[in-house]
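A.B. asks: Each residue of the sequence shown is one higher than the one before, counting from 4 in my numbering.
Here it is, the structure in full.
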Amino acid sequence: MQLYGWLFESTFKLKPSRLEVYQGDKTIKGFEYSGGDIVLKEIHDIFSILNLDKPPYSEIEFLKCDDCDFVELCTKLNGGY
Ligand code: SF4
Numbered sequence: 004m005q006l007y008g009w010l011f012e013s014t015f016k017l018k019p020s021r022l023e024v025y026q027g028d029k030t031i032k033g034f035e036y037s038g039g040d041i042v043l044k045e046i047h048d049i050f051s052i053l054n055l056d057k058p059p060y061s062e063i064e065f066l067k068c069d070d071c072d073f074v075e076l077c078t079k080l081n082g083g084y
């Protein structure tokens, strides 16, 4: 989401007043725009992860995954937690 804010700011030279996402349950969720420096740091972090030789270890577990919309798929692909 923040990347869209950065693209808006870069294109129109204005900070977005707010970011919104239309969710699967037909509600709109609003976010504050974090600013370009934070977005660029997040992009840098993503490319750093993509350039790792091996994917970072991230265990599938109850506290992290319970509210995630992908938990059924992840459990099926990774054998559950
Ligand atoms: S279930 Fe969701 S939070 Fe948990 S590992 Fe999969 S994608 Fe990540």
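Every residue gets a Cβ at the ideal spot worked out from N, C-alpha and C, and that includes glycine.
Let me check one thing: in DSSP terms, what residues is Phe34 bridge-paired to?
C.D. replies: Leu22
A.B. asks: With DSSP run on the structure shown, which of helix, strand or coil describes Glu54?
C.D. replies: The sequence shown places Asn at residue 54, rather than the Glu named in the question. Asn54: coil per DSSP, three-state reduction.
A.B. asks: Measuring straight from C-alpha to C-alpha, what distance separates Tyr7 and Asp48?
C.D. replies: 17 Å
A.B. asks: Which residues have their C-beta within less than 6 Å of a heavy atom of ligand 1, listed in chain order?
C.D. replies: Selection output, chain order preserved: Ile63, Lys67, Cys68, Cys71, Phe73, Val74 and Cys77.
A.B. asks: Just to confirm before moving on: does the CB-CB distance between Leu22 and Met4 stay below 8 Å?
C.D. replies: Yes, they are a contact pair.
A.B. asks: Taking the straight line between their C-alpha atoms, what separation do you get for Phe73 and Lys29?
C.D. replies: Per the coordinates, the alpha-carbon of Phe73 lies some 18 Å from the alpha-carbon of Lys29.
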